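Chemist:
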Amino acid sequence: MPKIIHYRNKCIGCNSCVEQDPARWKINDEDGKSDLIGSIQKKNTWIAKIDYEELDRNKQAAKDCPVSIIKIIE
Ligand code: SF4
């Protein structure tokens, strides 16, 4: 099962990942950074297992993230 890893602390809240997959990403009202929906925090990273059906759009989110803080493990 693929995973998304989000290095959330460095997020600049640009909304690009939300545009790619609003079912997985949401801007947090309190700090303006994106939250990876369904993720679990491990130290400074947030990790979520995803379905293969979600892979392409999240690969695109990773590619488009201007600060390169979304990683995909297949
Ligand atoms: S694309 Fe990157 S910088 Fe922009 S909101 Fe998403 S994680 Fe944050």
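Residues in the sequence shown are numbered from 3 upward in steps of one, following my numbering. From the three backbone atoms N, C-alpha and C, an ideal C-beta is built for every residue, glycine too. On a predicted model such as this, the values are computed, not experimentally measured, just so you know.
#1: Would you say the beta carbon of Gly40 is closer than 7 Å to some non-hydrogen atom of the ligand SF4?
#2: What do you reckon, are the CB atoms on Lys12 and Ile75 nearer than 8 Å?
#3: Based on the DSSP secondary-structure assignment, which residues constitute the bridge partners of Asp37?
#4: Beta-carbon within less than 7 Å of Ile29's beta-carbon, same chain only, minus the 5 sequence neighbours each way: which residues are those?
#5: To the nearest angstrom, report how far apart Ser41 and Tyr9 are at their CA atoms.
Modeler: On the basis of the data shown:
#1: Stepping through the sequence shown from its first residue, residue 40 is reached at position 38. Gly40 Cβ: outside cutoff for every heavy atom of the ligand SF4.
#2: On the sequence shown, residue 12 is found 10 positions in, with the first residue counted as 1. On the sequence shown, residue 75 is found 73 positions in, with the first residue counted as 1. It is not a contact, given that the beta carbons lie outside the stated cut-off.
#3: Within the sequence shown, residue 37 is the residue found at index 35, counting from 1. Residue pairing by DSSP places Asp37 opposite Lys28 in a beta bridge.
#4: Residue 29 sits at position 27 when you count from the first residue of the sequence shown. Cβ within range, chain order: Gly15, Asn17, Val20 and Ser36.
#5: The count along the sequence shown starts at 1 and reaches residue 41 at position 39. The count along the sequence shown starts at 1 and reaches residue 9 at position 7. Rounded to the nearest angstrom, the two C-alpha atoms are 12 Å apart.
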